[in-house]
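*Asks:* Mind looking over this structure? Questions follow.
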Amino acid sequence: MVDQPAVEVAGLYVSYGSTPVLVDVALTVPVGAGVCVTGENGIGKSTLLRCVASLQRPDRGRIRVFGNSPGSTPEFWRAVVTTAEPPTWYPGLTVREHGELVCRAHGLDPDEAGLDEALERFGLATHVDAVPPSMSSGQKQRLTLALSLLRPSSLLILDEPEQRLDPEGRASVAGMLNDYVKNGGTILMASHDSVFAEASGTEITPMESLGVTRRAEPKDAAE
Amino acid sequence: MTAVEQVAIDVGAIRRWVRRTQSSHRERGATAGNIYFAVLFVAIVGGMLHKQLAVVFWPAQPNASELAGVSLVLVGLGSLFLAMRRLGPLGLSRPAASWLLTAPVSRRRLLTPSLRLAALAAAIAGALFGLAIVGHVATRPMPRTVAALLPAVGALVGVVMLLIALAAQAGRGWSSWGDNVAGLLLAGGLAGFVVDSAVDAPRASGSWSATVVGAVAIGLAAVVAGLMAVAAGRLADTPNERILEASKTVGTLLDSAFGVEPSFVTEMVERRYWARRRLRSMRLWTRVPVLVGQDLLLVRRRPRRLVWLAGAVALPALLAHAPAWTIGVAILLGGMVAGATSTATVRTDAGNPVLLRMLGLSPRQAIAQRMWVPGILAGLWSAAALALLRALGDLPAGPWWALGLTLGPVGAVAAVRKARVGFVRNELLPLDTPMGTLSPGPALNSVIGPDALLLGLPALVQIAQGHPLSWTTVLVQALVGAIGARTYVNLGAARTG
C-alpha cells in the first residue's frame, strides 16, 4: 500500500446541471503528506473532497485511494475518515455515547481508545452528557473533529475543519492535525485559512493548479 | 494512529447497542406505551373502517370490467415503481448514513434489514393490489385455491418491481428511462379508466384455472428467489451517494410526518428537480408584468407538468356514474390543482419574502401578478374538462367551455391562497376530543385554499342539478369569480402589509 499514493485523481469532470465545476482535474497526495486545497467560493473544493470520499459520483474521471476505487468496502472506511458530509446525530444519544458508538464501530474499547481524553482535548469534557443537537455550532464542529481523530485511520478528508472554531480551538486542532501527519497519516483538506493550513502541516495547493475549474453553484448544490 | 487492526465488526451488535442506549434514556415503560398506543390505534381505526375497506378491496359482487382490471394493473405497477424509486428503495436512517455507512462494517449486512423491509412493503402493496383487482374483476364463485393464490401472485409481482427499482438505484444509465416507462404505465392505466367509464366494456367471463394460476405463482416465485439472491449478493455495490440521497428523502418524509409539515417534502422535491436540470439564462418576457413573466418562464421550464395536466383533463369523466355533484367538486378541485402547478414561486415568497421585497412591488401588485398564470391554467383546464364531459354526453347541453373559463379566477384564488398559507401553525391551542388531543394547525392549513372554491358555487349547483346550462349562469359565475378574486387581492394586500 505504501508504494501507492494515498489519493490519485486524474481527468475528473463534475457538473451541476449545465454548470461545469471540475474540468479535467488531477491531484496526487502521497502517503504521509498533507494537502490543503484552496480557492474562491464555489470553485469545487468540497465537490473534489466528496468525490474522493465516494460520497458523490463524478461525471468522468479516475479516482484511486490507496490504489483502489473509493467506495463501499469495509477496508476503505477503515482507512478513511471524512467530514465532507455534515453528520446527523442519533436522537437520544449523548456526546459520550456518540464517541462510544464510533469506537464500537471500529472494534475499539472506548477507554483504551482514549475517548474521555479526546473529548477533554477538544474542550467537551463538561458536555459529555449533552445531546449534540443542543450544543452550539462550534461545539458540534469540535465533536465532529474529536470523533474523526478518535478512530484509527490513514487518510483524513476534511472540509474546512477550522469553520466555526474560536482562535484557540483553531490553534489546538491545527496542532493535532500536524501530529497526525507527523505520525504517518495523510490529510486532504479544503480551507480558506492559510495560517491554519500551514500550522496543520499541510501544503497549500490552489484549485487552479489542479486543472481547469469553473465557478460552481454554492456548496449545497450537491444536495 | 495509522496501524489499523483488521477486526470483523458486527453491525447488528452496534445497532442493538444504539437501540438499547437510546431506550435507556427514555422513561420506564415509554417504549411499551408507544407499542400499546400503536396497537390500540390500529384496532380502533380498523374497527371503524373495516366495512369501507372491505368494499374497496373485496366488494360483495365484482363490479368492474376487464378493461378496468387491466388499467388497475397498469396503475398499480407504475405507481408502485415510482413510489419505490422516490424512496430509494434501499436506504438508511440519516444518523446511520452518517455513522455506520462510513464505518468499516460489512456493507451487505448493513443494508440487509433495509432490503427485507422494502421487500415486505412491496409484497404487501402488491398483495393488496392483487386482492383488489381480483375482488373487483374476477367472476365468482372462484376456486378457493385461485382466490388464495392471486394475492400471492400480486405480492410476488410487487417484489419483482422492487428488484427492478433496486437495479435502477444501483445503476445509472437506464434509471430515468425506467421512471419514464413507469410514468407511461400510470398514464396508460388512467386513460384505460377513462375509456372504461365512457364505453360499456365487457365484464370478465369464465373463471381462471387453478392450474394456470398455480403455475404462474410457482414460476414467479422461482424468478423472485433467483433475482433476490442476485440482489442480496450485489447489495454491497449500491453506490454511497444513492444511499445518502435515499436516507435524506426518508429523513425529510419523517420530519414532515412528525412536524405535520408537508412543505418540507415539497421543498426537497423542488430543490432536487432544479439541481438536476440544465438551464440557460433567458430574458423575461417584457410585455407582461415582471412576476407574470417569471411564472411563465417557470411553466415553460416544466413542460412535462403541462402534459400531465392535459392528460388529467379526462379524469373527471371517471365520475360519470357517480352523483353529479362529485363531478362539480372534481372540476373545482382540478382547477385548483391546475392553478397550483405554477405557485411554487408564491410558496417561496411566503416562506421567505426577502427576494420579493427586493423587487419593490406593493403587496397588492405582487398578489395580483402572481394570480395571472394560475388563473389562465385553471380556466383552460376547467374549460377543457367540462367540454370533454359534454362531448362524452355526461353533461346536458350548454356552453360548458365558457363556464370552465369563468372558473379561472376561482382556481387562481384557491391555488394562491393555498400556496401563501406558509408553515403549519403548531402553536394553536390543542383541542380535546373523545379520540384524543387534536392539533388544529394541520387541519386549518389543509382547509385554507380549498375554502376559496366556494366562489365556484354557481357552477357546482349547475352541474349538480343536471339542467341545461344557460349563458345567465355563465355570467353569474363570471361575476362571482371576478368579484371574489378582486376582494382576495385587496384583502391579501391588507394582510401582508
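Residue numbers (our numbering), protein chains in the order written: chain A, 19 to 241; chain B, 569 to 1065. Using N, Cα and C, we set each Cβ at its ideal position, and we do this for glycine too.
#1: What in chain A is Cβ-close to Gln590/B, meaning under 8 Å?
#2: State the start and end residues of the unbroken beta strand (DSSP E) segment that holds Thr817/B.
#3: Going by CA-CA distance only, name the one from Ala1032/B, Val984/B, Trp940/B, Ala1046/B that's closest to Pro1018/B.
#4: Out of curiosity, what's the CA-to-CA distance linking Trp893/B and Ile1031/B?
#5: Check whether the Cβ atoms of Ala123/A and Ala102/A sit closer than 9 Å, and answer yes or no.
#6: Judging by CA-CA distance, which residue of Gly903/B, Leu945/B, Ile811/B is the nearest neighbour of Val868/B?
#7: Kindly indicate which residue of Leu731/B, Trp626/B, Thr817/B, Asp863/B has the alpha-carbon position closest to the one of Leu795/B.
#8: Can you have a look at Ile786/B and say buried or exposed, based on whether 16 or more other CB atoms are within 10 angstroms of its CB?
#9: For the candidate residues Leu635/B, Asp747/B, Phe697/B, whose alpha-carbon lies nearest to that of Ala651/B?
#10: Measuring only the C-alpha atoms, how far is Ala890/B from Ile899/B?
#11: Which residues share a DSSP beta bridge with Val47/A?
#12: Where Arg839/B and Lys816/B are concerned, what is the direct C-alpha to C-alpha distance, given to the nearest angstrom?
#13: Taking only beta-carbon positions, decide if Ser155/A is within less than 9 Å of chain B.
#14: For Ala240/A, collect the residues of the same chain with a Cβ closer than 8 Å to its Cβ; drop the 5 residues on either side in sequence, then sort them by chain order.
#15: Excluding the 5 residues preceding and the 5 following Pro105/A in the sequence, name in chain order all residues of the same chain whose CB lies nearer than 7 Å to its CB.
#16: Pull up the distance between the alpha-carbon of Arg846/B and that of Ser744/B, whole angstroms please.
#17: For Gln22/A, return the contacting residues in chain B, with the cut-off set at a CB-CB distance below 8 Å.
#18: Using Cβ-Cβ distances below 7 Å, what residues of the stretch 666–695 of chain B are close to chain A?
#19: Using 8 Å as the cut-off, can you tell me whether the stretch 898–916 of chain B makes contact with the stretch 936–954 of chain B, which would need three or more C-beta pairs spanning the two stretches below that distance?
#20: Does the ligand SAM have a heavy atom nearer than 8 Å to the CB of Val702/B?
#21: Using a Cβ cut-off of 7 Å, pull out every chain B residue sitting near Ala123/A, in sequence order please.
#22: By DSSP, does Asp42/A sit in helix, in strand, or in coil?
#23: Select from the stretch 792–813 of chain B all residues with a C-beta closer than 8 Å to any C-beta belonging to chain A, and list them in chain order.
#24: Are the CB atoms of Asp764/B and Ser633/B nearer to each other than 9 Å?
#25: Just how far apart, CA to CA, sit Gln181/A and Gly156/A?
#26: If you check the beta carbons only, do Cys54/A and Ala215/A fall under 9 Å apart?
#27: Using 8 Å as the cut-off, can you tell me whether the stretch 692–709 of chain B makes contact with the stretch 637–646 of chain B, which would need three or more C-beta pairs spanning the two stretches below that distance?
#28: Determine whether the beta carbon atoms of Leu45/A and Gly62/A lie at a separation below 9 Å.
#29: With Gly601/B as the anchor, note down where its alpha helix (DSSP H) starts and where it stops.
#30: Looking only at its chain, what residues have a beta carbon closer than 7 Å to the beta carbon of Pro830/B, apart from the 5 residues adjacent to it on each side?
#31: Name the chain B residues that come within less than 7 Å of Tyr34/A, Cβ to Cβ?
#32: Hey, is the stretch 707–720 of chain B in contact with the stretch 660–675 of chain B, meaning 3+ C-beta pairs nearer than 8 Å?
#33: How is Met926/B classed by DSSP in three states: helix, strand or coil?
#34: Between Ala690/B, Arg675/B, Ala622/B, which has its C-alpha nearest Leu655/B's C-alpha?
#35: Show which residues of chain B have a CB atom less than 7 Å away from the CB atom of Gly89/A.
#36: Taking 9 Å as the CB-CB limit, is Leu119/A close to chain B?
*Replies:* With the structure as the only source:
#1: Tyr108, Pro109, Gly110, Leu111
#2: If you look at Thr817/B, you'll find it isn't in any beta strand (DSSP E); it sits in the alpha helix (DSSP H) that goes 808–826.
#3: Val984/B
#4: 6 Å
#5: no
#6: The sequence given here has Arg at residue 868/B, not Val. The option with the nearest alpha carbon to Arg868/B is Leu945/B.
#7: Minimum Cα-Cα distance from Leu795/B among the listed residues Leu731/B, Trp626/B, Thr817/B, Asp863/B corresponds to Leu731/B.
#8: exposed
#9: Taking the Cα of Ala651/B as reference, the smallest distance to any Cα among Leu635/B, Asp747/B, Phe697/B is reached at Asp747/B.
#10: 14 Å
#11: Val25/A
#12: 13 Å
#13: no
#14: Annotation note: pLDDT 39 at Ala240/A (below 50); position unreliable, no value reported.
#15: Taken in chain order, the residues that qualify are Thr162.
#16: 15 Å
#17: Within chain B, no residue comes near Gln22/A; the closest Cβ sits about 14 Å away, beyond 8 Å.
#18: Ser666, Trp667, Leu668, Thr670, Ala671, Pro672, Val673, Ser674, Arg675
#19: yes
#20: For the ligand SAM, the structure offers nothing, since it holds no ligand at all.
#21: Ile577, Ile582, Trp667, Leu668, Ala671, Val673
#22: strand
#23: Ala804, Asp805, Thr806, Pro807, Asn808, Glu809, Leu812
#24: yes
#25: 8 Å
#26: yes
#27: yes
#28: no
#29: 598–625
#30: Ser824
#31: By Cβ distance, chain B contributes Ala843.
#32: no
#33: helix
#34: Ala690/B
#35: Asn808
#36: yes
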